[in-house]
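Comments concern the structure below.
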């Protein structure tokens with residue numbers, strides 16, 4: 001009997017202690033948010049001393065240098081190998097297309113003549129499976145320009161809608177490298193401009209180069225392409241970059257800007273707000289996948305063999321025109337060892 005009373009007494013004491021020291025999660029916190037504001041702002045400002053990361057400065061400089069060689073190599077090869085773009089691609093910058101809420105046909109082909117594959121959707125995608133109408137392409141059709149607002153530092157205040165014209169638009173890769181500590185007076189910043197005349201970036205006398213010299217240029221261009229993508233991938237692990245989920249607008253910084261330029265919904269026109277998410281390498285450096293002609297394919301790709309043809313990034317396909325072997329990671333996409341298309345009877 002005494003043992004039972006002792007156990008009952010201990011259980012009551014345990015329950016009393018539990019209720020005494022237990023926390024009620026339904027109660028409101030007693031912390032004053034106004035007192036914490038100064039502490040929060042101080043911690044935000046203290047983050048500036050950790051950027052740029054010293055170990056990533058050589059990577060940023062390497063990315064800028066690779067971008068310079070890439071633009072020079074592609075511009076030189078375009079003097080030898082013609083590039084074709086669909087007529088409905090609209091000769092406008094991506095920022096203008098985004099602002100006007102226009103859809104276009106992004107098809108590009110590298111070869112003596114355009115292919116006959118019926119994959120054009122026309123202006124605003126009003127048609128389906130139509131033949132392309134080819135016009136002369138340019139450097140921007142191979143290296144798609146992706147621009148972002150140029151900020152003074154990564155910790156700058158968020159760009160508001162009424163401030164969108166107060167900031168210069170520069171290449172997103174260049175902006176990322178500048179925030180990563182690249183030298184702003186470097187020659188690579190003033191050289192590789194995708195909006196300039198490709199003849200200014202090309203090697204002089206490209207038509208007189210020997211096949212061996214063209215192979216060397218293509219090999220260096222392909223290495224610059226791989227170095228650029230791998231370097232940007234490393235920088236994205238350290239520095240925050242945002243991309244809009246609906247219109248592919250890119251912003252380099254802690255949080256996306258407030259410029260209402262997204263046309264995701266029809267009733268918003270071009271005044272919609274962006275829906276930001278974490279950016280990947282393809283968001284800053286679009287691969288621009290094109291049809292790749294193999295030795296077993298006909299001289300002009302026809303629509304009947306579209307299930308047999310391979311694809312490749314435009315830069316890789318352009319470099320392989322000189323005889324350079326593409327990296328093995330692209331073999332599956334290019335269907336290097338695939339069957340040839342059936343011959344028409």
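In full-length UniProt numbering, the protein residues as written are 1 to 345.
The C-beta atom is built at its ideal place from N, Cα and C for all residues, glycine as well.
Here the structure is a predicted model, which is why all the values come from computation and not from measurement.
Residue interval of the beta strand (DSSP E) (run including residue i)
i           : result
residue 313 : 310-313
Residue i vs residue j beta-carbon contact at 8 Å
i           : j           : result
residue 206 : residue 80  : yes
residue 338 : residue 310 : yes
residue 109 : residue 290 : yes
residue 85  : residue 137 : yes
residue 131 : residue 116 : yes
residue 150 : residue 163 : no
residue 62  : residue 256 : no
residue 259 : residue 170 : no
residue 176 : residue 241 : yes
residue 275 : residue 251 : no
residue 154 : residue 51  : yes
Distance between residue j and residue i (C-alpha atoms, nearest Å)
i           : j           : result
residue 333 : residue 312 : 6 Å
residue 87  : residue 133 : 5 Å
residue 223 : residue 238 : 23 Å
residue 55  : residue 234 : 11 Å
residue 331 : residue 292 : 11 Å
residue 219 : residue 38  : 55 Å
residue 279 : residue 148 : 13 Å
residue 273 : residue 295 : 48 Å
residue 60  : residue 181 : 7 Å
residue 174 : residue 64  : 7 Å
residue 179 : residue 249 : 18 Å
residue 253 : residue 165 : 18 Å
residue 118 : residue 129 : 5 Å
residue 243 : residue 261 : 13 Å
residue 21  : residue 35  : With a pLDDT of 46 at residue 21, under the threshold of 50, the predicted position of this residue should be treated as unreliable, and no value is reported.
residue 76  : residue 298 : 26 Å
residue 316 : residue 228 : 13 Å
residue 161 : residue 112 : 46 Å
Alpha helix (DSSP H) segment containing residue i, residue limits
i           : result
residue 175 : 172-179
residue 110 : Counting along the chain, residue 110 falls outside any alpha helix (DSSP H), though it belongs to the beta strand (DSSP E) covering 108-110.
Can we say the segment 170-190 touches the segment 213-222, given the rule of at least three CB pairs closer than 8 Å? Taking 8 Å as the limit for Cβ pairs, the verdict is that the segment 213-222 does not touch the segment 170-190.
Count Cβ pairs between the segment 132-144 and the segment 320-328 that sit closer than 8 Å; are there 3 or more? When C-beta atoms of the segment 132-144 are compared with those of the segment 320-328, fewer than three pairs fall below 8 Å, so the two segments do not count as touching.
Segments of 4+ residues assigned as alpha helix (DSSP H) that fall wholly inside the segment 290-337: Within the segment 290-337, the complete alpha helix (DSSP H) segments of 4 residues or longer fall at 314-320 and 331-334, listed in chain order.
Beta strand (DSSP E) runs contained entirely in the segment 211-277, provided each spans 3 or more residues: DSSP runs (the beta strand (DSSP E)) wholly in the segment 211-277: 241-244 and 250-252.
Count Cβ pairs between the segment 67-82 and the segment 218-232 that sit closer than 8 Å; are there 3 or more? The segment 67-82 is in contact with the segment 218-232.
Ordered list of alpha helix (DSSP H) runs contained in the segment 27-82, each at least 4 residues: Listed in chain order, the complete alpha helix (DSSP H) runs (minimum 4 residues) inside the segment 27-82 are 33-46 and 57-78.
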